[in-house]
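K.L.:
I am attaching a structure below and will ask some questions about it afterwards.
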Amino acid sequence: MKFGVIRFPGTCDDTDAQLAAQRVGDAEILWHRDRDLKGVDAVVIPGGFSYGDYLRTGAIARFAPVMESVTEFAHAGGLVLGICNGFQILCEAGLLPGALLVNDNLRFVFRQVTLEVADRDTPFTRNCPPTLQIPVKHTSGRYYSPEPVQVVLRYAPGQNPNGSQDDIAGIINNAGNVFGLMPHPEHAVDALTGSTDGLTIFESIRAAVAERVPVA
Amino acid sequence: MASAGTEAQPRHRELGLTDHEYELIVKGLGRTPTGVELAMLSLMWSEHCAYKHSKKLLRQLPTDGPHVLVGPGENAGAVDVGGGLAVAFKVESHNHPSAVEPFQGAATGVGGILRDIFAVGARPIAVLDSLRFGEPASSPRSRYLLEHAVRGIGHYGNSIGVPTVGGEIYFEPSYEQNCLVNAMAVGLAPHARLTSSAAAGPGNLVVLFGARTGRDGIGGASVLASAELAGAAGANGAAGDEAKRPTVQIGDPFAEKKLLECSLELLDRNLLASLQDLGAAGLTSAASEMASKGGVGLDIDVAKVPLREAGMQPFEIMVSESQERMLCVVEPHLLDQVTAVCEHWEVQAAVIGEVTASGHFRIFAGKELVGELPVELLVDDCPLYDLEPERPATALYGGGDQRVATDADAASTLKALLASVNVASRLPVYEQYDPVVQSRTVRRPGEADAAVLALPVLHARSGADGEPIPGIAVAIDGNGRRVAVDPRAGAAEVLYECAANLACVGAEPLGLTNCLNFGNPEKPHVAWQLSEAVAGLAQACRDLGVPVVGGNVSLYNESPDGPILPTPVIGMVGRLPDVRHAGRLAFANPDDRIALVGAFNPGRDGSEVAKLHGSAPAGALPGKDLVALRSAHQRVREGVRAGAFTSAHDIAEGGILVALAECCIAGGLGAVITLPEGLDPFGEDLGSAFIVSGPAEALAGLRVIGAVGGRELTVEGVLNLPVSELAALHGGGLAALVS
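Right, dumping it as structure tokens:
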């Protein structure tokens, strides 16, 4: 299978996401100005500061040409994983509900956190163990939604690093094919650099794609 | 060409040049300089650019070594790390901008040092910081500077996707008005991509790319960096340092991220003849350094420089310190390709001049010639001054408040040390930095005494079939208190300690970079501190066989209250053959034995316990047995590399009990220790000795002093404290002042 990893100017974790995805399949970088998704089976929108994010996070990236294609891809049932800035962009693009607000302590936070997998019946978490050790690193990761949402990941009790509503760390859309999370699974794919738990998310995607009818 | 004004206060003095220097300029030119020329000369002849009070001293430092690829003189030095790869690194100060505007000062300090790294063709893979502030408990200003400098570093490093993997912070009253913000960056490059800044080839084009040029940062190198600070309020109603805020630049990490990717792609495609970043003194410094190194001349037309605002004067364009700009030399037939790469990355590029054979730097404003200076006059002819060092007859620094009674018991003293701001956990600070982006970080802050980064890109088959995974270790160190006690021995000790940190992860040093932060060198006592410290560093470099590949000098770190503690900061890069055996500091296995490695000769002068007792940094530092020191470093390095030691930690600030407590806290495990007879539990002897743990057989031949186990730190006949209590004190000391 092939992952497509989107690169905006200002994306930082693109190479990391590509390397993580390459542990389970092929992965290539998709440039923000390109509308062609090059036949990928799943799209990863990685972390960073797209277009600098001097405005609200993700507010500019949602207008990128590549996001038109990602939106079509998602509406056709394609798997889309948004990590950190990617999650923020998916919310801005309307592909996921809610918004990511500035952390309650108003600071950037890096922390290795424990996550509880609240829903293992998704294409993104089917291979995950019940808990994951994965780092977070963000300034705007406090999830908020006025409506009920489908929660996939929660910070373990006492581990919420940002004041997120109901300890929400990751959510999925109603159709079950667009997943956004603040923690960085691509930074938890090798025991040498801290943990391998994040790899189970990429493995889940591979397994799900293998069973699916390809997206037209 | 109009000549510079001759008002009551001559223009050259306003710009920081002495009358003598001005006379030399007039003599060298054979006429009075124009306004543009004088502005350019005042910057190039500033302490910041010309090193006029330190250059002679720095010649003592050894700069050659078997691994050195690029020594001092380029934007950053570089060492060979094997496998066709080079590691470029450098530390630089951004002290005065940070004292005036901490967020932007610190942010642009990081931005500036990163540009130095990619200017030589290396991709930045790590940032480290060395910070100094006044006492945070009693000074709201110091808490403000700390909070905003840390935020500025994070803002830039996190946003540009370079991990911040290490650093150090200390708090002393002498930094109250004049904080220190030193930033070090480390980059990785294939040998073939290492690039010089030497301009070459008359007829080649000079291209400025990156951000537009504005009025920010005008005079930063001279007015701000090369003069003493006046203090927050200013003396006698004069404008204080607040008034200098417009000389501080504003950072834009997004612009730099694009500039970084664009620059590396231009180099990868072999499109550039040379590359140089714009830092202090802007276009003036960048262009004249390029011309000087290449032995050529340059013509620059300021009318072609893309500007942020209309109506900028030629001298403003030439000295602006607007950030996120690079200058390159391009052969004319490659210009279209260069432009295309810049367009891809949405980076603006403009041809602003060309290389000439004249040896002169000519500045045009359209058709009008507004300045013409021999490159030599700008770059080489600034007079170098001899220092007039004099050992001070009286103490320069006082003691502080007494926080622990000198006759307090060992348990109370240890608890006070662990909670003190200079020893407490740095977690509240490094938690604000991203240490993992780029997927190389094998040891993060808090896990070991040095950061460890894998050199090859890690993938699923890394290390398969027993293949080693080579890596580098990086650390940064300084200790103003101990250098104040004895500048020569103290500076050497900083270097030993930095090397000891590398040994703890199993790395041998390849090279170092230094940042010499001192007061006003025109004052004899500061001149003495500086010359003694450089002599100590030179000796220690030779002792350990580690060359200096680059660095920076920051002088005039004074306020009306006096000079800062003399603070040489050392950043060191080492290599380890296999990151899978990189050392950790935490005790991890109950029943492991604990050994003291090295000839440990602790004393209290200049120590953290002496500070808590209210003592001034004075007296004498312990003598070093260099043979024993080298052998201890080697023993630890080898034990770690062989995987024999579970943990390794150097005995640093606070002494042996603090080191033991740190190993316990990091691992959440206790230990039972019997201290060697007569050993001072709180004395310091930095860089000489280590605490290691491991199975009994792995420690054969070492001085075993105890064993790992339980939930308490027990030192026979001295103290017995729960590790949880120690952890709470250690964790809370700085946290209380950061939140």
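Sequence lines, in order, name chains C and P.
Residue numbers for the first sequence follow this note's numbering, beginning at 3 and rising by one.
Residue numbers for the second sequence follow this note's numbering, beginning at 9 and rising by one.
Even glycine gets a Cβ: it sits at the ideal position worked out from N, Cα and C.
From P:D409, P:P80, P:V310, pick the residue whose C-alpha is nearest to that of E376 of chain P; which is it?
P.N.:
Along the second sequence, one-based indexing puts residue 376 of chain P at 368. For E376 of chain P, the nearest C-alpha among the options comes from P:V310.
K.L.:
Return the residues of the stretch 434–460 of chain P that lie within a Cβ-Cβ distance of less than 8 Å from chain C, sorted by chain order.
P.N.:
Those residues of the stretch 434–460 of chain P that come within reach of chain C (Cβ to Cβ, closer than 8 Å) are Y438, E439, Q440, Y441, D442, P443, V444, V445, Q446, S447, R448, T449, V450, R452.
K.L.:
For chain P, is any of its Cβ atoms less than 8 Å away from the one on T195 of chain C?
P.N.:
Along the first sequence, read from residue 1 onward, the residue named residue 195 of chain C stands at position 193. So, interface residue.
K.L.:
Is there at least one Cβ from chain P nearer than 8 Å to P15 of chain C's Cβ?
P.N.:
Position 13 of the first sequence, counted from the start, is the residue given in the question as residue 15 of chain C. What sits at residue 15 of chain C in the sequence shown is Asp, not Pro. Yes, D15 of chain C counts as interfacial toward chain P.
K.L.:
Write down the C-beta distance between F595 of chain P and G675 of chain P rounded to the nearest angstrom, noting that I regard them as a contact closer than 8 Å.
P.N.:
By 1-based counting over the second sequence, the position of residue 595 of chain P is 587. By 1-based counting over the second sequence, the position of residue 675 of chain P is 667. Their Cβ separation, rounded to whole angstroms, is 4 Å, which keeps F595 of chain P and G675 of chain P in contact under 8 Å.
K.L.:
With a 10 Å radius around its C-beta and 16 neighbouring C-beta atoms as the bar for buried, classify K266 of chain P as buried or exposed.
P.N.:
Position 258 of the second sequence, counting from 1, holds the residue named residue 266 of chain P. With 16 or more Cβ atoms within 10 Å of its Cβ, K266 of chain P is classed as buried.
K.L.:
Is L392 of chain P buried or exposed, if buried means 16 or more other CB atoms sit within 10 Å of its CB?
P.N.:
The count along the second sequence starts at 1 and reaches residue 392 of chain P at position 384. Exposed is the call here.
K.L.:
Hey, how far is the Cα of N728 of chain P from the Cα of L721 of chain P?
P.N.:
For the purposes of this step, residue 728 of chain P is taken as the residue at position 720 of the second sequence. For the purposes of this step, residue 721 of chain P is taken as the residue at position 713 of the second sequence. Rounded to whole angstroms, N728 of chain P to L721 of chain P spans 6 Å at the Cα level.
K.L.:
Determine, using beta carbons only, whether L727 of chain P comes closer than 8 Å to chain C.
P.N.:
What you label residue 727 of chain P is simply residue 719 of the second sequence in a count that begins at 1. Output row for L727 of chain P: interface = no.
K.L.:
In three-state terms, what does DSSP make of D551 of chain P?
P.N.:
Within the second sequence, residue 551 of chain P is the residue found at index 543, counting from 1. Reduced to three states, the DSSP call for D551 of chain P is helix.
K.L.:
Quick check on V118 of chain P: does DSSP put it in helix, strand or coil?
P.N.:
Mapped onto the second sequence, residue 118 of chain P falls at position 110. Note: V118 of chain P maps to helix in three-state DSSP.
K.L.:
Can you tell me where the beta strand (DSSP E) with Q152 of chain C in it begins and where it stops?
P.N.:
Start at 1 with the first residue of the first sequence, and residue 152 of chain C comes out as number 150. From DSSP, the beta strand (DSSP E) with Q152 of chain C extends over 152–157.
K.L.:
Which of helix, strand or coil does DSSP assign to A47 of chain P?
P.N.:
On the second sequence, residue 47 of chain P is found 39 positions in, with the first residue counted as 1. Three-state result, A47 of chain P: helix.
K.L.:
Count the other CB atoms within 10 Å of the CB of H28 of chain P; is the residue buried (16 or more) or exposed (fewer)?
P.N.:
Along the second sequence, read from residue 1 onward, the residue named residue 28 of chain P stands at position 20. With fewer than 16 Cβ atoms within 10 Å of its Cβ, H28 of chain P is classed as exposed.
K.L.:
May I have the straight-line CA-CA distance separating L274 of chain P from F89 of chain C, to the nearest angstrom?
P.N.:
Taking the first residue of the second sequence as position 1, residue 274 of chain P is located at position 266. Taking the first residue of the first sequence as position 1, residue 89 of chain C is located at position 87. About 32 Å.
K.L.:
Quick one: which unbroken alpha helix (DSSP H) runs of 4-plus residues sit fully inside the stretch 521–583 of chain P? Chain order, please.
P.N.:
Runs of the alpha helix (DSSP H) inside the stretch 521–583 of chain P: 532–552.
K.L.:
For chain P, check one thing: does any of its Cβ atoms lie closer than 8 Å to the Cβ of R111 of chain C?
P.N.:
Taking the first sequence and counting its residues from 1, one reaches residue 111 of chain C at position 109. Sequence check: residue 111 of chain C is Val here, not Arg. So, interface residue.
K.L.:
Should I62 of chain C be labelled buried (16 or more other beta-carbon atoms within 10 Å of its own) or exposed?
P.N.:
The sequence position of residue 62 of chain C within the first sequence is 60, counting from 1. Buried is the call here.
K.L.:
What is the residue span of the alpha helix (DSSP H) that I325 of chain P lies within?
P.N.:
On the second sequence, position 317 is the one that residue 325 of chain P refers to. Taken as a continuous stretch (DSSP letters only), the alpha helix (DSSP H) holding I325 of chain P covers 322–327.
K.L.:
Quick one: complete alpha helix (DSSP H) runs, 4+ long, within the stretch 387–434 of chain P?
P.N.:
For the stretch 387–434 of chain P, whole alpha helix (DSSP H) runs of length 4 or above, ordered along the chain, are 418–427.
K.L.:
Which of the three DSSP states is assigned to Q112 of chain P in this structure?
P.N.:
Taking the second sequence and counting its residues from 1, the one referred to as residue 112 of chain P is at position 104. The answer is helix: DSSP assigns Q112 of chain P an H, G or I state.
K.L.:
Please work out which residues of its chain come closer than 6 Å, Cβ to Cβ, to D55 of chain C, disregarding the five sequence neighbours upstream and downstream, and give them in chain order.
P.N.:
Within the first sequence, numbered from 1, the residue matching residue 55 of chain C stands at position 53. Excluding sequence neighbours, D55 of chain C sits near nothing in its chain.
K.L.:
Between the alpha carbons of I673 of chain P and A735 of chain P, how many angstroms are there, rounded?
P.N.:
Residue mapping note: residue 673 of chain P aligns to position 665 of the second sequence, counting from 1. Residue mapping note: residue 735 of chain P aligns to position 727 of the second sequence, counting from 1. In a straight line, the C-alpha of I673 of chain P is about 5 Å away from that of A735 of chain P.
K.L.:
Chain P partners of Q135 of chain C, CB-CB under 8 Å?
P.N.:
Sequence index remark: in the first sequence, residue 135 of chain C carries index 133 (1-based). Those within 8 Å of Q135 of chain C in chain P number zero; the least Cβ separation is about 13 Å.
K.L.:
What residues of chain P sit near Y224 of chain C, judged by a beta carbon separation below 8 Å?
P.N.:
The requested residue 224 of chain C is not part of the displayed model; chain C covers only 3 to 218.
K.L.:
Since V170 of chain P is in the beta strand (DSSP E), which residue starts that stretch and which ends it?
P.N.:
The residue you call residue 170 of chain P lines up with position 162 of the second sequence. First-last for V170 of chain P: undefined, no H or E at that position.
K.L.:
Using a Cβ-Cβ distance under 8 Å, would R37 of chain C count as near chain P?
P.N.:
Taking the first sequence and counting its residues from 1, one reaches residue 37 of chain C at position 35. Not one chain P Cβ lies under 8 Å of R37 of chain C.
K.L.:
Please confirm if P11 of chain C has its CB atom under 8 Å from at least one CB of chain P.
P.N.:
In the first sequence, residue 11 of chain C corresponds to position 9, counting from 1. It does: the Cβ of P11 of chain C has a partner Cβ on chain P nearer than 8 Å.
K.L.:
Under three-state DSSP, which class holds F110 of chain C?
P.N.:
Translated into positions along the first sequence, residue 110 of chain C becomes position 108. In the structure shown, F110 of chain C sits in coil (DSSP, three-state: anything other than H, G, I, E or B).
K.L.:
In chain order, what are the residue ranges of uninterrupted beta strand (DSSP E) at least 3 long that sit wholly in the stretch 181–227 of chain P?
P.N.:
DSSP runs (the beta strand (DSSP E)) wholly in the stretch 181–227 of chain P: 188–198, 213–218.
K.L.:
Could I get the ranges of all uninterrupted alpha helix (DSSP H) runs contained in the stretch 639–725 of chain P, with 4 residues as the minimum, in chain order?
P.N.:
Complete alpha helix (DSSP H) runs here, min 4: 664–675.
K.L.:
List, in chain order, every chain C residue whose beta-carbon is nearer than 8 Å to that of V349 of chain P.
P.N.:
Position 341 of the second sequence, counted from the start, is the residue given in the question as residue 349 of chain P. The contacting residues do not exist; V349 of chain P stays about 14 Å from chain C at best.
K.L.:
If the cut is a Cβ gap below 9 Å, which residues of chain P does Q24 of chain C touch?
P.N.:
As a first step, residue 24 of chain C is located in the first sequence; it is residue number 22 there, counting from the start. Ordered by position in chain P, the residues that pass the 9 Å Cβ test against Q24 of chain C are H467, A468.
K.L.:
Would you identify the three-state DSSP class for F10 of chain C, choosing helix, strand or coil?
P.N.:
Position 8 of the first sequence, counted from the first residue, corresponds to residue 10 of chain C. Reduced to three states, the DSSP call for F10 of chain C is coil.
K.L.:
Measure the C-alpha to C-alpha separation of A47 of chain P and V135 of chain P and round it to an integer number of angstroms.
P.N.:
Stepping through the second sequence from its first residue, residue 47 of chain P is reached at position 39. Stepping through the second sequence from its first residue, residue 135 of chain P is reached at position 127. Cα to Cα, the separation comes out at about 33 Å.
K.L.:
On the DSSP bridge assignment, give the partners of A96 of chain P in chain order.
P.N.:
One-based indexing of the second sequence puts residue 96 of chain P at position 88. The partner list for A96 of chain P (beta bridge, DSSP) reads P:A86, P:G195.
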